[in-house]
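Top line first, the protein sequences correspond to chains A and B.
Numbering-wise (this note's numbering), the first sequence opens with residue -4 and increments by one.
Numbering-wise (this note's numbering), the second sequence opens with residue 1143 and increments by one.
Glycine is no exception: its CB is placed at the ideal position from the N, C-alpha and C atoms.
Values in this document were obtained by computation on a predicted structure and should not be read as measured data.
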Amino acid sequence: MKIQEPTSPGVTRRHVLVVMGATGLAVGSGAMTGRAFADAAAVDAAIKDKIGGKTAQAGRITLELPQIAENGNTVPIGIEVDSPMTANDYVKAVHVFAEGNPLPNVATFRFTPMCGMAKASTRMRLARTQNVVAVAEMSDGSFYRETVEVKVTIGGCGG
Amino acid sequence: MASVKPRIKVPKTATKGEIVEIKTLIKHNMESGQRKDNDGKTIPRQIINKFTCTYNGKEVFAADWHPAISANPLMTFHVKATETGTFEFTWTDDDGSVYSATADMTVS
Chain A
-4 MKIQEPTSPG VTRRHVLVVM GATGLAVGSG AMTGRAFADA AAVDAAIKDK IGGKTAQAGR
56 ITLELPQIAE NGNTVPIGIE VDSPMTANDY VKAVHVFAEG NPLPNVATFR FTPMCGMAKA
116 STRMRLARTQ NVVAVAEMSD GSFYRETVEV KVTIGGCGG
Chain B
1143 MASVKPRIKV PKTATKGEIV EIKTLIKHNM ESGQRKDNDG KTIPRQIINK FTCTYNGKEV
1203 FAADWHPAIS ANPLMTFHVK ATETGTFEFT WTDDDGSVYS ATADMTVS
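Okay, here's the thing in structure tokens:
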């Protein structure tokens, strides 16, 4: 997470995210009128949709993305989750979300113990500079979360 | 889409217990549903929304794709080589068509 730890005790990470989302939305709609983007709050809602009321902990996920993407139409993304991948302890799925695209969902990768390792890669679209969030769903019902910021020079998603 | 053509990279041979990398690529526009044509009309979404891989009939890896996946989607993942057999890959389009491909691997 790139977000600084809150200094005052009453402020939670969720508050910070919501405030950041609101700011991002204001900036986004100012720059490109007539186009709706997802924001951190939309991503939080999409994550809640996948994991229910559970909380995702930090760690175990390596999210490989370029710091700067010149072309937002094809940004390589690699994900690896630290797991023994045995029949009793494995990664069931990894969900990927984007905070600054028109839609928050990007992809879900579904692993099985037969994969041997929870590692996958693909290429994604990024409409503008934004955070990419990965949430891993483990076989024991726990969740992990990782965020990476990507700076985009030319946005994808057409238009 | 008539031009859809999958490309698969699976090692021909592997030793038992080895974790092999599988690369797949399929030609597809992955029309996001966000773009507009010259008349300002939204071009309807048409993407591949599901990818699956089976190993001797058992599903080993799958992915759900949203419009944020790039055109000509690439998917790289890993499988533990346990027995000689066939991988079958399927891609499901929004319009209901299913594209498929197979690859064999000998495990010693």
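| Asked | Found |
| --- | --- |
| Return the CA-CA distance between B/F1193 and A/A41, expressed in angstroms with no decimal places. | 21 Å |
| With A/K45 as the anchor, note down where its alpha helix (DSSP H) starts and where it stops. | A35 to I46 |
| So who's on the other strand from A/F32, going by DSSP bridges? | Bridge partners of A/F32: none, in fact. |
| Could you tell me the distance, in whole angstroms, from the CA atom of B/C1195 to the CA atom of A/V127? | 26 Å |
| Name the one or two DSSP bridge partners that A/A102 has. | A/V91 and B/W1207 |
| Are the region 109 to 122 of chain A and the region 1219 to 1232 of chain B in contact at 8 Å, needing three or more beta carbon pairs? | yes |
| Quick check: the Cα distance between A/K49 and B/N1214, rounded to an integer number of angstroms? | 35 Å |
| Would the beta-carbon of B/F1229 fall within 7 Å of that of B/T1166? | no |
| Under 7 Å, do A/R120 and B/S1250 count as touching if we go by C-beta distance? | no |
| From what residue to what residue does the beta strand (DSSP E) around A/G73 run? | V70 to V76 |
| Does any residue of chain B bring its CB to less than 7 Å from the CB of A/K146? | no |
| Need the endpoints of the beta strand (DSSP E) that A/L60 sits in, please. | Taken as a continuous stretch (DSSP letters only), A/L60 belongs to no beta strand (DSSP E), as it is neither H nor E. |
| Can you list, in chain order, the residues of its chain with a C-beta nearer than 6 Å to that of B/V1240? Leave out the 5 residues immediately preceding and following it. | T1232 and T1234 |
| Step through the CB atoms of chain A and report whether any lies within less than 7 Å of the CB of B/T1218. | yes |
| Contact check, A/V145 vs A/V70 under 8 Å by CB: the rounded distance? | 7 Å |
| Quick check on the burial criterion: 16 or more other C-beta atoms within 10 angstroms. Buried or exposed for B/S1174? | buried |
| What first and last residue would you give for the beta strand (DSSP E) that runs through B/A1243? | V1240 to V1249 |
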